[in-house]
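The block underneath contains the structure these notes are about, expressed in structure tokens.
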Amino acid sequence: MFKSRSKSQDSSDAVVVTDYVHSDPEALMQESGLVARWLVTGLDKAAKLQHKTIVKYVDRLKEKNPQATPAEIQAKLDKHFLLTITGTGAGAGVTAAIPAVGFVTGAAAVGVESLAFLDAATSYAVASAYLRGVDISNPERRKSIVLLSVVGSEGTPLATATMGTDSTIALLTRASTPKLSDLNKKMFNFAMKRISKSIRLAWLGKLMPLGIGAVLGSVANRKIGNNLIDHVAETLGPLPTSF
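Okay, so the sequence shown: first residue is 3 according to our numbering, each after it adds one.
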């Protein structure tokens, strides 16, 4: 499952993980600003998420497609997620391009759009975990799902060091709430450094004038969305072959 690595590579990974673990959260908040608030909002949404709604959503897809495999249901989740976020990205770009509107109103539109993106991303990650048999009723577990989805396989060494298991599904299924809470604090620091650059570039793209922002807004959201889809597949692991 995992490729063998040299001792020097393992040592390098250990240094990186230690750096993330011991970073000062307050310093990261000040340094990242908008990115920190973006991630905090996402985790708050995950904690407050009505998990029964996600359960009904996935179960309804299964009922409407009784012959579908888990992989085919996942493909439907992927498609719905991308359609949702690319629509909001274009809307922010169009707002920035309207004459006499300019940067300030465009920035406000991106702020509203970011909340819509967070709703979609949080629901998508949690739904994908539920599809793999993870109990999503625990708020800390939902936070873990979102954080692991943000950072992808790069967060595996940190999760392994904290939880003592190579399997993300095993981690999410068996870990106690205190253990998950401890992991989430460390993963938060890791995630802020991981997503900072991509989020800032996406914002700049959406605020470009003359309609370019409308195109780049959708492209930026699609790129980030595809990254999230890849991260979910990497961290949550393979789907069951059947229900």
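For each residue, glycine too, the CB sits at the ideal point set by N, CA and C.
- Around the beta carbon of Gln69, fewer than 16 other beta carbons lie within 10 angstroms, which makes this residue exposed.
- Note that the C-beta distance between Thr179 and Glu142 is below 7 Å.
- Counting the other Cβ atoms within 10 Å of the Cβ of Ala177 gives 16 or more, which makes it buried.
- The three-state reading of DSSP puts Ala131 in helix, counting H, G and I together.
- Nearest to Arg134 by C-alpha distance, out of Thr86, Asp184 and Val57, is Val57.
- Between Ser130 and Val234, the C-beta spacing is below 7 Å.
- For Ile138, no alpha helix (DSSP H) encloses it, and the DSSP letter there is neither H nor E.
- Between the alpha carbons of Phe192 and Val153 lies a gap of roughly 8 Å.
- The C-alpha of Leu150 is placed about 9 Å away from the C-alpha of Asn186.
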